[in-house]
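Heads up, the sequence shown is in our numbering, so the first residue is 11 and it goes up one at a time.
From the three backbone atoms N, C-alpha and C, an ideal C-beta is built for every residue, glycine too.
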Amino acid sequence: MSFTSSTVVTDAPLESSAPAVSWGPIIAGTLAATAISLIFILIGSGLGLTMVSPWSHDNASLTTIGATAAIWLIVVQWVSAALGGYLTGRLRTKWVGVHTYEVFFRDTAHGFLSWALATVVVAGLLGSALSSVISTGTQATATAVGAVGAAGAGAAVSASDGTSGFSPAYFTDALLRPTNTAPAAGNQSDEAVNAQVTRVLVNGIVDGKLSADDQAFVEQVVAARTGLSATDAKARVDAVMKRIDDAKLAAKEAADNARKTASAVALFGALSLFVGAFIASVAAAIGGRQRDEDEERMALLRR
Numbered sequence: 011m012s013f014t015s016s017t018v019v020t021d022a023p024l025e026s027s028a029p030a031v032s033w034g035p036i037i038a039g040t041l042a043a044t045a046i047s048l049i050f051i052l053i054g055s056g057l058g059l060t061m062v063s064p065w066s067h068d069n070a071s072l073t074t075i076g077a078t079a080a081i082w083l084i085v086v087q088w089v090s091a092a093l094g095g096y097l098t099g100r101l102r103t104k105w106v107g108v109h110t111y112e113v114f115f116r117d118t119a120h121g122f123l124s125w126a127l128a129t130v131v132v133a134g135l136l137g138s139a140l141s142s143v144i145s146t147g148t149q150a151t152a153t154a155v156g157a158v159g160a161a162g163a164g165a166a167v168s169a170s171d172g173t174s175g176f177s178p179a180y181f182t183d184a185l186l187r188p189t190n191t192a193p194a195a196g197n198q199s200d201e202a203v204n205a206q207v208t209r210v211l212v213n214g215i216v217d218g219k220l221s222a223d224d225q226a227f228v229e230q231v232v233a234a235r236t237g238l239s240a241t242d243a244k245a246r247v248d249a250v251m252k253r254i255d256d257a258k259l260a261a262k263e264a265a266d267n268a269r270k271t272a273s274a275v276a277l278f279g280a281l282s283l284f285v286g287a288f289i290a291s292v293a294a295a296i297g298g299r300q301r302d303e304d305e306e307r308m309a310l311l312r313r
């Protein structure tokens, strides 16, 4: 009786000792993308400054500035990511014994890593500049709010105790206001009368309209100080209140437009980053494929 023994040999998977990530090409692509981004951002800043003039009527609208900034962000990402990703794929060492699909994935990942590193570097170098772009709408909103203050709302705060949004002096004036205001106004100095009327107008701005007592008081003071008839004084007061309401409405519209512009710029900025990530990945895959094809072509020529 004889026994035969059989030995089953299984091949263990071979693991390459070389890392799948080549940081050299990634860093090279990052440097190229960062340099291009800095150049284009400086060009964009120069173009943006040409849209701003010390003469207010020559300035471009906030919507135009926001749309230009959004488009420029996409252009910067497109060009810098394409160049950085292509160099990353083209400069890496050829992977031997790796499936074509795996090569494509690695090249794509290298392009994405190059874009991510360049984005972090640019954000660190130009943090203040990016914050300035994002805060454009905030600054415009503050300007619009300042316009409301110029219309009179700011006087309420300056005349108050600094902790509330109304003027206590207005209520003091209302308590001590005489029944017949015309002689009393004539006996007071211009500064005192102007201050009292200003407080009345400020309170009307805050409330949205003048009360009946305040309306009558202001009309009597205007008639006494200007010599106008009661009808003409009432018409002048109504005209001034209409101008104040128009200024408030214009300021609110400017603030709303600034908010919309800032939101649009932020969204387009995020979109530009997505575009940059995609372009860098595709460009790296193209660059890596061209390098492998060139290597294979040279190998055939040598044979």
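In terms of Cβ geometry, residue 222 and residue 232 do not form a close pair [threshold 8 Å]. The Cβ atoms of residue 125 and residue 286 lie closer than 8 Å to each other.
When only Cα atoms are considered, residue 104 and residue 302 end up about 7 Å apart. For residue 120, the enclosing alpha helix (DSSP H) begins and ends at 110 to 135. In this structure, residue 86 places its C-beta atom within 8 Å of the C-beta atom of residue 51. If you look at residue 220, you'll find it isn't in any alpha helix (DSSP H); DSSP assigns it neither H nor E. Just so you know, the alpha carbons of residue 202 and residue 280 end up roughly 55 Å apart. C-alpha of residue 83 to C-alpha of residue 129: approximately 12 Å in a straight line. The three-state secondary structure of residue 30, taken from DSSP, is coil. Between residue 212 and residue 228, the gap from beta carbon to beta carbon reaches 8 Å or more. Membership of residue 282 in the alpha helix (DSSP H) is indicated by the continuous run 240 to 312. Here the alpha carbons of residue 49 and residue 214 stand approximately 52 Å from one another.
By the neighbour-count criterion, in which a residue is buried when 16 or more other Cβ atoms sit within 10 angstroms of its Cβ, residue 250 is exposed. In this structure, residue 295 keeps its C-beta atom at 8 Å or more from the C-beta atom of residue 94. Put simply, the backbone Cα of residue 236 is about 40 Å away from that of residue 267. The C-beta distance from residue 98 to residue 36 rounds to 6 Å, short enough to fall under 8 Å. Around the CB of residue 90, 16 or more other CB atoms lie within 10 Å, so the residue is classed as buried. The shortest C-alpha to C-alpha distance from residue 32 to any of 208, 118, 240, 234 is the one to 118.
Contact between residue 127 and residue 40 holds: CB atoms are separated by about 4 Å, below the 8 Å threshold.
In this structure residue 275 touches residue 80 by the C-beta definition: roughly 5 Å separates them, less than 8 Å. Per DSSP, reduced to three states, the secondary structure at residue 103 is coil, with no helix or strand assignment. In the structure shown, the three-state DSSP call for residue 237 is coil. Using a 10 angstroms sphere on the CB of residue 30, the tally of other CB atoms stays under 16, which defines it as exposed.
Within its own chain, the residues whose Cβ lies closer than 7 Å to the Cβ of residue 122, once the five positions on either side in sequence are excluded, are 287, 290, 291, listed in chain order. Ranked by Cα distance from residue 305, the options 100, 56, 230, 55 are led by 100.
Taking C-beta separations shorter than 7 Å and ignoring five residues to either side along the sequence, the partners of residue 44 in its chain run 128, 131, 132, following chain order.
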